[in-house]
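Each residue of the sequence shown is one higher than the one before, starting from 1486 at the first, in our numbering.
Positions of the beta carbon are idealized from the N, C-alpha and C atoms, including for glycine.
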Amino acid sequence: MAIGDTNNSAAQSDDGGDDGNVAVRRTWLGVGRVWGGAWRAALNVVLPPLCLGCQARLLDHDALCSECWRRVDFIRPPLCDRLGLPMPYDTGGIMISAAAAAHPPPFERARAVARYDGLMRDLIHDFKFRDTHDARRLFGRWLCQAAPELVASADIIIPVPLARSRLLARRFNQAQILATEVARMSGKTLLPLALRRTRATAHQIGLTRRERERNVAGAFAVHPNAIGRVAGKSVLLIDDVMTTGATVSAATKALKKAAAARVDVLTLALVTEPHA
Ligand SMILES: [Zn+2]
């Protein structure tokens, strides 16, 4: 980007007509702004801003009405520092839940925007299965707001890859869309294909914690071309839903095998089961 700007300045100097060019550019920028505003206004008439939950008319795009907002069960501090689970009270220091103490995860910290229930469940279902990605900007904002410290400390952002058969059926990887939004909003480097699935896995739905771990164990690897870009880096791993953490744990182990310095996990939703 910066290189392009520098080249433009050089081209103006060579023409010897800096003032004229700048004036022309300002005029076009002004026209662009007027047209941009007009375009947005026209767009709002053709595609009026609607609540992503209930389609009620709103003033802004990519938002929820206040009623739908209340139907999202946002996860708020105090949290377990490792798993991001809500804790009953704040001790003032770093807190580790009983679940994290019993089964320490391979990743450093996990955070999620909301519990996987209520409206969040419906929004994610639409996002995954209806091929409508209207909520992607809202999801990106929520992810950045849920864990600013994780986003800030990341060197690279990597999505959990989808199984090949599911990618063929769905045509997109929802985790990659989320990771793209977080990278766009934060300015961090996105490595969308750094992780890959090395084998097919069964659906995790209905499996116990142990079965989930066995199902995805060794199912991920860092792409040989990406190993040099992962080694020594702080990775932010992004997925849509975290249940027992088996999938993100298996992905984390693959990243650490490729010498990632640390891995944090950021998801839209967390299934808060007793043994999560
Ligand atoms: Zn609504």
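| Query | Result |
| --- | --- |
| Out of H1688, P1677 and Q1689, which one is the CA nearest neighbour of A1711? | P1677 |
| Determine the DSSP secondary structure at A1599, reduced to helix, strand or coil. | strand |
| I need the straight-line Cα distance from P1633 to M1670, nearest angstrom please. | 11 Å |
| With contact counted as at least three CB pairs below 8 Å, one residue from each stretch, are the segment 1602-1610 and the segment 1537-1557 in contact? | yes |
| According to the Cβ coordinates, are P1591 and K1742 closer than 8 Å? | no |
| Among G1717, L1652, A1735 and A1541, whose alpha-carbon lies nearest the alpha-carbon of R1699? | A1735 |
| The beta strand (DSSP E) that contains T1752, what's its start and end? | R1747 to L1755 |
| Going straight from the alpha carbon of L1751 to that of R1567, what length do you get? | 12 Å |
| Rounded to whole angstroms, how far is the Cβ of L1740 from the Cβ of A1597, which I believe are closer than 8 Å? | Not confirmed; about 19 Å, so no contact. |
| Should L1549 be listed as close to ligand 1, given that the test is whether its C-beta is under 7 Å from any heavy atom? | yes |
| For V1609 and N1529, what's the separation of their Cα atoms in angstroms? | It is worth fixing the name first, because residue 1609 is Ile in this sequence and not Val. If I take the Cα positions, the gap works out to 25 Å. |
| From T1693 to P1573, what does the alpha carbon distance come to, in whole angstroms? | 26 Å |
| Could you check the C-alpha separation between A1731 and V1701 for me, to the nearest Å? | 7 Å |
| Return helix, strand or coil for I1609, following the three-state DSSP convention. | helix |
| Does DSSP classify A1706 as helix, strand or coil? | strand |
| Rounded to whole angstroms, what is the Cα-Cα separation between L1635 and D1749? | 7 Å |
| State the start and end residues of the unbroken beta strand (DSSP E) segment that holds V1720. | S1719 to M1727 |
| Going by the C-beta, is A1620 closer than 7 Å to any heavy atom of ligand 1? | no |
| Can you say whether W1627 is buried or exposed, counting buried as having 16 or more other CB atoms within 10 angstroms of its CB? | buried |
| Say yes only if the C-beta of G1538 is nearer than 7 Å to one or more non-hydrogen atoms of ligand 1, and no if none qualify. | yes |
| Taking the C-alpha atoms as reference points, what is the distance between P1563 and P1571? | 6 Å |
| I'd like to know whether the C-beta atoms of V1707 and A1679 end up nearer to each other than 8 Å. | yes |
| Excluding sequence positions up to five away, which residues of its chain have a Cβ less than 6 Å from the Cβ of Q1689? | R1697 |
| For the candidate residues C1553, P1589 and I1581, whose alpha-carbon lies nearest to that of C1565? | I1581 |
| What residues in its chain sit with their C-beta under 6 Å from that of A1744, if we drop five residues either side in the sequence? | A1716 |
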